[in-house]
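Residue numbers (the numbering used here): 12 to 413.
Beta carbons are placed, not taken as given, at the ideal position from N, Cα and C, and that holds for glycine.
On a predicted model such as this, the values are computed, not experimentally measured, just so you know.
This report refers to the structure that appears directly beneath it.
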Amino acid sequence: MPLALLALAIGAFGIGTTEFVIMGLLPEVANDYGVSIPTAGYLVTGYALGVMFGAPLMTVLGTKVSRKRMLMLLMGLFIVGNLLSALAPAFAVMLIGRVVASLAHGAFFGIGSVVAADLVAPDKKAGAIAMMFTGLTVANVVGVPLGTLVGQSAGWRVTFGIVAALGVIGLIGISRLVPDMPKPKGVRLRHELAAFKNVQVLLAMAMTVLGFGGVFAAITYIAPMMTHVAGFADGSVTWLLVLFGLGMVGGNLVGGKFADRALMPMLYVSLGALAVVLALFTLTAHNKVLSAVTIALIGALGFATVPPLQKRVLDQAHGAPTLASAVNIGAFNLGNALSAWLGGLVIAADFGYTAPNWVGAALAGGALVLAFLSAGLERRAGGAGTVVTGSTPSEQRTTVHH
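So, in structure tokens, the structure goes:
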């Protein structure tokens, strides 16, 4: 595998770390700025909304320049956003920094996937894309817990400073190791947009919003929930996030394995089980052992939905996978923003720190209903529209990595 993939993986590692590390540092940030936990949750919501709107916008803008230069510009945005967060004198400034950093997220993974695939032989494209996304999964096992530990011991500003430094390393790696590639040709935005007239595409993205939103409803407020309800010490949040990250890695591998074999049954099982586990979390959150097991299960079941949901979107977006892929990444983050906001509402309404789990269970249950509805409409249409027009089998296999 080319060394250029390492540069892309480092960038993915930094992006994954900055997205998720805020959840373990919400109490520290809230205390520092003198705001409530629900208000601090806007840092999650703001980032997610930035990804949602930034993913398609930056992807379209990226067609005007070479892919290497666009990746470097995206890492530059990432660095500026995290430095702004680290130095922010007020909460509003930190929120702006989070949004700036989020603009790099979706387009980096979309364009980075294309670059990774172009760096290797046709029979190694899936492995190359998987290697880049390894940075994202490793971030949740190593980067997020370590960032939380550093933030709790040395201050949360230090964590964001380190993340910005990771961005500098990624930028240097991309500039030195990624070869120059010509900008895309023949991009037809009107054709890409036409895919969104397909009801199945919209249903698939709605499943993405609700399904992954269920995970973030609980995980956004995991720090106060575990310290105030389960009775864990502040330092324990670090290894609890490790459990969540390990669950993510395992769930992603399982979801990727079965997405091609039985996509809809995989969605039924993962979404149904996720809804049940999130509902049970309102009870298990009162016990240290059970809450730890539940957190790992939420990570596993939540990320088991990612490959089939992403593949479902691309399968239904006939001939327009580029923009659909970027928008789907935005849909994941719309779910994050929606659930973080709803979770903050129920906490602010004095329903307790476990109340977001009920929100998550309802969202996951809604995604399951949409999955059955989508399958029913597909059967009624005679199973039409389940194959990506013009895609080769190898190209279709690469879409299961996220």
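Backbone CA spacing between Gly261 and Gly158 [nearest angstrom]: Locating residue 261 in the sequence shown gives position 250, where the first residue counts as 1. Locating residue 158 in the sequence shown gives position 147, where the first residue counts as 1. Distance between Gly261 and Gly158, taken at the CA atoms: about 21 angstroms.
Using a Cβ distance threshold of 8 angstroms, determine whether the region 21-36 contacts the region 113-122, with at least three qualifying pairs required. yes
In or out: Met62 buried (at least 16 other Cβ within 10 Å) or exposed? Here the question's residue 62 lines up with position 51 in the sequence shown. According to the sequence provided, residue 62 is Val. The question's Met does not apply to it. Classification for Val62: buried.
Could you name the residues of the same chain whose beta carbon sits closer than 7 angstroms to that of Ala425, not counting the 5 residues immediately before and after it, in chain order? The question about residue 425 has no answer, for the chain in this structure spans 12 to 413.
For Asn209, does the three-state DSSP call read helix, strand or coil? Walking along the sequence shown from the start, residue 209 turns up at place 198. Residue state, collapsed to three classes: coil.
Which of helix, strand or coil does DSSP assign to Asp326? To locate residue 326, count along the sequence shown from 1; it is residue 315. DSSP places Asp326 in helix when its eight states are reduced to three.
Does Ser77 come out as helix, strand or coil in the three-state DSSP assignment? Along the sequence shown, one-based indexing puts residue 77 at 66. Here Ser77 sits in coil by DSSP.
Candidates Arg187, Asp191, Ser186, Pro156, of which the one nearest Val174 by Cα: The count along the sequence shown starts at 1 and reaches residue 174 at position 163. Nearest of Arg187, Asp191, Ser186, Pro156 to Val174, Cα basis: Pro156.
Helix, strand or coil for Pro367? Go by DSSP, reduced to three states. Here residue 367 refers to the residue found at position 356 of the sequence shown. If DSSP states are grouped into helix, strand and coil, Pro367 belongs with the helices.
Taking only three categories from DSSP, how would you classify Pro276? For the purposes of this step, residue 276 is taken as residue 265 along the sequence shown, with counting starting at 1. Helix at Pro276.
Alpha helix (DSSP H) segment containing Val189, residue limits: On the sequence shown, residue 189 is found 178 positions in, with the first residue counted as 1. No alpha helix (DSSP H) contains Val189, which DSSP labels as neither H nor E.
Using the Cα positions of Gly242 and Gly354, report the straight-line distance between them to the nearest angstrom. Stepping through the sequence shown from its first residue, residue 242 is reached at position 231. Stepping through the sequence shown from its first residue, residue 354 is reached at position 343. For Gly242 and Gly354, the distance between alpha carbons rounds to 20 angstroms.
Go through its chain and collect everything with a Cβ distance to Thr397's Cβ below 8 angstroms, but skip five positions before and after it. If you number the sequence shown from 1, residue 397 lands on position 386. Because the pLDDT at Thr397 is just 43, under 50, the model does not fix this residue reliably, and the point stays unresolved.
Leaving aside the five residues before and after Val411 along the sequence, list all residues of the same chain whose C-beta is less than 6 angstroms from its C-beta, in chain order. Counting from one through the sequence shown, the residue named residue 411 turns up at place 400. Because the pLDDT at Val411 is just 38, under 50, the model does not fix this residue reliably, and the value given afterwards should be weighed accordingly. So the qualifying residues of the chain are Gly267, Ala270, Pro318, Lys322.
Pick from Met105, Asn209, Ile358, Met143 that is closest to Thr231, judged by C-alpha positions: For the purposes of this step, residue 231 is taken as the residue at position 220 of the sequence shown. Looking at the Cα atoms, Ile358 is the closest of the given residues.
Any idea if Ala392 is buried or exposed, counting beta-carbon neighbours within 10 angstroms, 16 or more meaning buried? The residue labelled residue 392 in the question sits at position 381 within the sequence shown. It is exposed - the Cβ of Ala392 has fewer than 16 other Cβ atoms within 10 Å.
For the alpha helix (DSSP H) that contains Asn42, what are its first and last residues? Taking the first residue of the sequence shown as position 1, residue 42 is located at position 31. Here the alpha helix (DSSP H) through Asn42 covers 15-44.
C-alpha gap between Val210 and Ala373, whole angstroms: Counting from one through the sequence shown, the residue named residue 210 turns up at place 199. Counting from one through the sequence shown, the residue named residue 373 turns up at place 362. C-alpha separation (whole angstroms): 23 angstroms.
The region 250-261 in contact with the region 293-309 per 3-pair CB rule at 8 angstroms: yes
Own chain partners of Asn344 with C-beta closer than 6 angstroms, once the 5 adjacent residues on each side are dropped: The residue you call residue 344 lines up with position 333 of the sequence shown. So the qualifying residues of the chain are Ala59, Val62, Met63.
Could you pull out every residue in the same chain whose Cβ sits closer than 7 angstroms to the Cβ of Thr148, ignoring the five residues on either side in sequence? The count along the sequence shown starts at 1 and reaches residue 148 at position 137. Once the five neighbours on either side are set aside, the close Cβ partners of Thr148 are Met259, Val260, Asn263.
Of all the options Leu294, Gly178, Leu36, Val220, which has the alpha carbon lying nearest to the alpha carbon of Ala20? Numbered from its first residue, the sequence shown carries residue 20 at position 9. Distances from the CA of Ala20 to each of Leu294, Gly178, Leu36, Val220 were compared; the closest alpha carbon is that of Gly178.
Along the alpha helix (DSSP H) that carries Thr159, what are the first and last residues, could you check? In the sequence shown, counting from the first residue as 1, residue 159 sits at position 148. Run containing Thr159: 155-165, per the alpha helix (DSSP H) assignment.
Tell whether a beta-carbon distance below 8 angstroms holds between Ala296 and Met236. Locating residue 296 in the sequence shown gives position 285, counting from the first residue. Locating residue 236 in the sequence shown gives position 225, counting from the first residue. Cβ distance < 8 angstroms, so Ala296 and Met236 count as in contact.
Would you mind giving the Cβ-Cβ distance between Thr249 and Leu160, rounded to the nearest angstrom? I have them listed as a contact below 8 angstroms. As a first step, residue 249 must be located in the sequence shown, where it is residue number 238. As a first step, residue 160 must be located in the sequence shown, where it is residue number 149. Sure, about 5 angstroms apart at Cβ, within 8 angstroms.
Do you know offhand how far Val152's Cα is from Gly246's? Here residue 152 corresponds to residue number 141 of the sequence shown, with the count starting at 1. Here residue 246 corresponds to residue number 235 of the sequence shown, with the count starting at 1. In this structure, the alpha-carbon of Val152 lies about 16 angstroms from that of Gly246.
Please state if the CB of Ala99 and the CB of Gly108 are separated by a distance shorter than 8 angstroms. For this step, residue 108 is matched to residue 97 along the sequence shown. For this step, residue 99 is matched to residue 88 along the sequence shown. In this structure, Ala99 lies closer than 8 angstroms to Gly108 by Cβ.
Do Gly25 and Phe120 have their C-beta atoms within less than 8 angstroms of each other? On the sequence shown, residue 25 is found 14 positions in, with the first residue counted as 1. On the sequence shown, residue 120 is found 109 positions in, with the first residue counted as 1. It is not a contact, given that the beta carbons lie outside the stated cut-off.
Count the other CB atoms within 10 Å of the CB of Val220; is the residue buried (16 or more) or exposed (fewer)? The sequence position of residue 220 within the sequence shown is 209, counting from 1. Looking at its Cβ environment, which holds 16 or more other Cβ atoms inside 10 Å, Val220 is buried.
Where Thr238 falls: helix, strand or coil (DSSP): Within the sequence shown, numbered from 1, the residue matching residue 238 stands at position 227. Correct three-state label for Thr238: helix.
Just the C-alpha distance for Phe362 and Met69, rounded to the nearest angstrom, thanks. The residue labelled residue 362 in the question sits at position 351 within the sequence shown. The residue labelled residue 69 in the question sits at position 58 within the sequence shown. For Phe362 and Met69, the distance between alpha carbons rounds to 39 angstroms.
Following the continuous alpha helix (DSSP H) through Pro312, name the residue where it begins and the one where it ends. As a position in the sequence shown, residue 312 is number 301, starting the count at 1. Per the sequence presented here, residue 312 reads as Leu, with Pro not at that position. Looking at the DSSP string, the run of the alpha helix (DSSP H) that includes Leu312 is 299-315.
Are Leu278 and Gly313 touching if we call contact CB-CB under 8 angstroms? By one-based count along the sequence shown, residue 278 stands at place 267. By one-based count along the sequence shown, residue 313 stands at place 302. No; because the gap between Cβ atoms is not below 8 angstroms, this pair is not in contact.
Assuming the contact rule is C-beta atoms closer than 8 angstroms, Ser385 and Leu214 should be a hit. Round their C-beta distance to whole Å, please. In the sequence shown, counting from the first residue as 1, residue 385 sits at position 374. In the sequence shown, counting from the first residue as 1, residue 214 sits at position 203. Between Leu214 and Ser385 the Cβ distance is about 4 angstroms, and since that is below 8 angstroms, they are a contact.
What is the C-beta distance between Ala15 and Val189, in whole angstroms, given that I count them as a contact (C-beta under 8 angstroms)? Locating residue 15 in the sequence shown gives position 4, where the first residue counts as 1. Locating residue 189 in the sequence shown gives position 178, where the first residue counts as 1. Sure, about 5 angstroms apart at Cβ, within 8 angstroms.
Delimiting residues of the alpha helix (DSSP H) encompassing Tyr58: To locate residue 58, count along the sequence shown from 1; it is residue 47. Unbroken alpha helix (DSSP H) run through Tyr58: 53-72.
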